[in-house]
Every structure is written in C-alpha cells, then in structure tokens.
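Novice:
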Amino acid sequence: MTILFISDLHLSPLRPDITDCFLDFMNTEAIHAEKLYVLGDLFEFWIGDDDNSPFNVVIKEAFKALTQHGVKCYFIQGNRDFLLNKRFCKETGVQLLADHTVIDINNEKVLIMHGDTLCIDDIKYQEFRAKVHQPWLQWVFNRIPLFIRQRIVKNVQDKIKEKKQHKKLTIMDVTQSEVERVMRQEGVKRLIHGHTHRPNVHTFNHNSEEMTRIVLGDWYTQGSILEFKNNKYTLQNKSFK
Ligand code: LP5
Ligand code: MN
Numbered sequence: 001m002t003i004l005f006i007s008d009l010h011l012s013p014l015r016p017d018i019t020d021c022f023l024d025f026m027n028t029e030a031i032h033a034e035k036l037y038v039l040g041d042l043f044e045f046w047i048g049d050d051d052n053s054p055f056n057v058v059i060k061e062a063f064k065a066l067t068q069h070g071v072k073c074y075f076i077q078g079n080r081d082f083l084l085n086k087r088f089c090k091e092t093g094v095q096l097l098a099d100h101t102v103i104d105i106n107n108e109k110v111l112i113m114h115g116d117t118l119c120i121d122d123i124k125y126q127e128f129r130a131k132v133h134q135p136w137l138q139w140v141f142n143r144i145p146l147f148i149r150q151r152i153v154k155n156v157q158d159k160i161k162e163k164k165q166h167k168k169l170t171i172m173d174v175t176q177s178e179v180e181r182v183m184r185q186e187g188v189k190r191l192i193h194g195h196t197h198r199p200n201v202h203t204f205n206h207n208s209e210e211m212t213r214i215v216l217g218d219w220y221t222q223g224s225i226l227e228f229k230n231n232k233y234t235l236q237n238k239s240f241k
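Take the sequence shown: its position 129, counted from the start at 1, is 129 in full-length UniProt numbering, and no numbers get skipped.
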C-alpha cells in the first residue's frame, strides 16, 4: 500500500519547471499509489472554480486521469487555494476534505491539514484568514467577473508581499502549544502538514506520550513528496529535469 502526500507546489504558468515535475510525478509515482493527499497550496493562487484557463485545464486533466485510473485523490485547501471548491472536485474526481481531517493509516489515526491554522502567533495573517474565509464574502467574490477578481488578487498580493518581508521567521512557523492542543483535541499522535516550507520530522513528548509532526516541503527548487509505504513514512525529493 502506497499513500502519497504533497503540498505547496504553487503551480503557475510562470513556473513550467514545477509544472513539468508535477505532471511527471502524476504519471510516474502517483499513478501507482493507492491514495494521493494534496495538503493545500497546489496553486500559486486559485481565483475560482470557473477559471478555465488553458493552464488550469492541464492540471485538472492530470487529476481526472489519475482518479479515472483508480487512484483516490483528496484535497485540503491552503491559504492560496482556499477558493478551490466543489466544481473543481466534480470535474476531476478529487474529494475535498475539511481543513482539519483525521484519517486512518494502517490502523493509526493521523491528523492532516495545510498548517496555516497552527501559526497562531501570526496574528495579522489569522485576522486576514478569518476575513477571507467568511462564506458571504466568498459568495460575493465568486460572482465578480473573472478579470476584476484577477485585479483584486494582484492588488492584495502586492500589498501583502511588502508586509510579509518585515515578518520574523519564527512568527511564520507553527506555535508548538497550538500543535499540542490540536493533536490532543483530535486524539492523535501523528500530524502531517505543509505551509511552512520547512520539511522535517519532529518528535516530541506530550503528557508522557511520543508525538510526531511531519512537515512537507515546497516545490520551489525540486519536487517534495511524503511517501507512506511498508509501514514507513519517508520524505523524498524529486529533481527538476
Ligand atoms: O503563502 P505565503 O507563505 O506566501 O504567505 C502566507 C500568508 N499570506 C497569504 C496571502 C496569500 O498568499 C495571497 C492572498 C491574495 C488574496 C486575495 C484576496 C481575495 C479576496 C477573497 C475574498 C473571498 O495567505 C502570510 C503569512 C505566511 O503565509 C506565513 O504563515 O504570514 O500572511 C500575510 O502576509 C498576510 C498579512 O500579514 C496580512 C495582510 C493584511 C492585508 C489586508 C488586505 C485586505 C484584504 C481584504 C480582502 C477582502
Ligand atoms: Mn501555505
């Protein structure tokens, strides 16, 4: 049984090297897996399920081919593709999961998420997140013509980019007490997430129990995959061609 996890690809037409690596991953590794979990930020930004740009169609076709081949695909929204929704899933056969989802892997309960909700010291981001996750605002936003939505996103991104440069790196990492709180609340000893772009396997003790937090890597300079096979988790890299 092989289960694969990826996140933080930030796919965009501006990075054909990442796209090629991703499509190769779908055709060579993912096609032989039982399940593929995408833990958010698959796209640099997802403007809405009605954006049928040629680029988006290529990516959707890749997922459709995978699910039609029998590989189960799951998606958790990231902070860059929180507008990816039911229509994308209907078109591709991908199943949308809740922000925090507990899955069963080999009889172990494992919590999976994008990871942005763990960064609670990043107060400005959490306020921003709460705003853009309001259902009424998303409802209104989805009804604005596509080209205007693109302009709004560009404007907000430019505004935010500048602010992010002044943030401390520690603020943009997870808060350990929040990790422990959420893992305790969900009754798990293993957590898998992305977002921070700091691939690693952290083990720590909490209430005399050993806990593990696996962090997925980004796809900025190479592909990054977590594989569960033969009862073992391995973080792997995939070079760009
Ligand atoms: O992804 P990464 O690592 O670069 O940065 C994230 C956080 N940034 C974001 C922003 C998105 O990448 C880009 C969002 C464009 C949004 C378009 C809005 C469309 C409206 C939709 C309405 C339904 O997620 C970054 C974190 C970092 O992770 C690490 O955790 O720090 O957060 C920020 O930089 C956010 C700033 O701190 C807060 C900025 C407030 C700006 C307010 C603009 C008003 C927007 C109002 C929207 C209606
Ligand atoms: Mn992210």
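Note that the Cβ used here is the ideal one computed from N, Cα and C, for glycine as well.
Since the structure is predicted, the reported quantities are computational estimates derived from the model, not experimental observations.
Based on the DSSP output, what are the partners of Lys238 in its beta bridges?
Specialist: For Lys238, which the question treats as bridged, DSSP gives the partners Gly223.
Novice: Tell me whether Asn79 counts as near ligand 2, meaning its Cβ is closer than 6 Å to at least one heavy atom of that ligand.
Specialist: Indeed, a heavy atom of ligand 2 lies less than 6 Å from the Cβ.
Novice: Which residues in the same chain have their Cβ closer than 7 Å to the Cβ of Lys109, if we skip the five residues on either side of it in sequence?
Specialist: Result list for Lys109: Val102, Gly187 and Val188, in chain order.
Novice: Is it true that the CB of Phe75 sits closer than 7 Å to the CB of residue 298?
Specialist: As shown, the chain starts at 1 and ends at 241. That puts residue 298 outside it, with no answer to give.
Novice: According to DSSP, what are the bridge partners of Asn205?
Specialist: Partner(s): Glu210.
Novice: Spell out the partners DSSP gives Arg190 in its beta bridges.
Specialist: Partner(s): Val110 and Thr212.
Novice: Report whether the distance from the Cβ of His195 to the nearest heavy atom of ligand 2 is below 6 Å.
Specialist: Checking every heavy atom of ligand 2 against the Cβ of His195, one is found closer than 6 Å.
Novice: Using the three-state DSSP reduction, which class does Thr2 fall into: helix, strand or coil?
Specialist: If DSSP states are grouped into helix, strand and coil, Thr2 belongs with coil.
Novice: Output the distance between the C-alpha atoms of Leu169 and Asn155, rounded to the nearest integer angstrom.
Specialist: If I take the Cα positions, the gap works out to 24 Å.
Novice: I'd like to confirm something about Asp41: is its beta-carbon nearer than 6 Å to some heavy atom of ligand 2, or not?
Specialist: Yes.
Novice: Could you tell me the alpha carbon to alpha carbon distance between Gln138 and Leu84, rounded to whole angstroms?
Specialist: Going by the C-alpha atoms only, they are around 11 Å apart.
Novice: Considering just the uninterrupted stretch of the alpha helix (DSSP H) at Leu66, what are its terminal residues?
Specialist: Where Leu66 is concerned, the enclosing alpha helix (DSSP H) stretches over Pro54 to Gln68.
Novice: Taking the DSSP output, what are the residues bridged to Tyr233?
Specialist: According to DSSP, which records beta bridges pairwise, Tyr233 is partnered with Phe228.
Novice: Using the three-state DSSP reduction, which class does Ile120 fall into: helix, strand or coil?
Specialist: Of the three classes helix, strand and coil, the one that applies to Ile120 here is coil, per DSSP.
Novice: Does the segment 62-78 come within contact of the segment 158-176, defined as at least 3 CB pairs closer than 8 Å?
Specialist: Not touching, per the Cβ criterion.
Novice: Answer with buried or exposed for Phe22, where buried requires no fewer than 16 other C-beta atoms within 10 angstroms of its C-beta.
Specialist: Classification of Phe22: buried, given that the 10 Å Cβ count is 16 or more.
Novice: If you check the beta carbons only, do Arg184 and His202 fall under 7 Å apart?
Specialist: Result no, Cβ atoms of Arg184 and His202 do not sit closer than 7 Å.
Novice: In whole angstroms, what separates the C-alpha of Asn107 from that of Asn231?
Specialist: Each residue's Cα considered, the two are about 11 Å apart.
Novice: Can you tell me whether Asn155 is helix, strand or coil according to DSSP?
Specialist: Looking at Asn155 - three-state DSSP - the assignment turns out to be helix.
Novice: Give me the DSSP bridge partner(s) of Asn85.
Specialist: None; Asn85 has no bridge partner.
Novice: How would you write the range of the beta strand (DSSP E) that Phe75 sits in, first residue to last?
Specialist: Phe75 -> beta strand (DSSP E) spans Lys72 to Phe75.
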